[in-house]
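Accompanying notes for the structure given below.
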Amino acid sequence: MQEVLRSAAQSMFPAEDDDGSIDVNSRSLDGDTPLHVFVWRGDVASARVLVEAAADVNAAGDMGETPLHVALNQQNEALVRLFVEAGARTTIRSGFGETAQDIAQRVGGIFAKLVPVRRGERQNRR
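Residue numbers (the UniProt record's numbering): 1 to 126.
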């Protein structure tokens, strides 16, 4: 776990010259968390370690995007499955005005099935 967090810290705080001590829900200046870092990298194993350590799968980072938003935009099926199974909310609206449901429908295919639009769900205007 510490090695995973140290790796994330190097990306989140590259100018820092300390031991890289962060926790699973630390935030960079733009609001991203270690989970966001591993989504960008496509690193499913490290993302799973953080989810199992209670990382916030609904954390809104840069531009209000959650890890699920980023995984969907990257069309990374394994990460999308991980976040959906971990209870990621699909109705959080990013700074781009999109929810995970919107992105899944736009991308289509397996992603539309993994993140279906559920009628009657309130969409967060965050």
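Idealized CB from N, CA, C, for every residue including glycine.
This structure is a prediction, so every number in the text was calculated from the model and none was measured.
In three-state DSSP terms, what is I92?
In the three-state reduction of the DSSP assignment, I92 falls in the strand class.
Whose C-alpha, out of D30, V37 and Q105, is nearest the C-alpha of A9?
Checked all of D30, V37 and Q105; the closest Cα to A9 is V37.
Run the CB neighbour count on L21, radius 10 Å, all protein chains shown included, and call it buried at 16 or more, exposed below.
Note on identity: in this sequence residue 21 is Ser, with Leu being the wrong assignment. The residue in question, S21, is exposed, as its Cβ has fewer than 16 Cβ neighbours within 10 Å.
Give a yes or no on whether 8 Å exceeds the smallest Cβ distance from G108 to chain D.
Any reference to chain D falls outside this structure, which holds one protein chain only.
Which residues in the same chain have their Cβ closer than 7 Å to the Cβ of R126, if we skip the five residues on either side of it in sequence?
The predicted model places R126 with a pLDDT of 48, which falls under 50 and marks its position as unreliable; any figure quoted below should be read in that light. Result list for R126: A60, G64, I92 and R93, in chain order.
So I103 is in the alpha helix (DSSP H); what residue range does that whole segment cover?
A100 to V107
Could you check whether L35 and A47 sit closer than 8 Å to each other, using their CB atoms as the reference points?
The answer is yes: Cβ separation under 8 Å.
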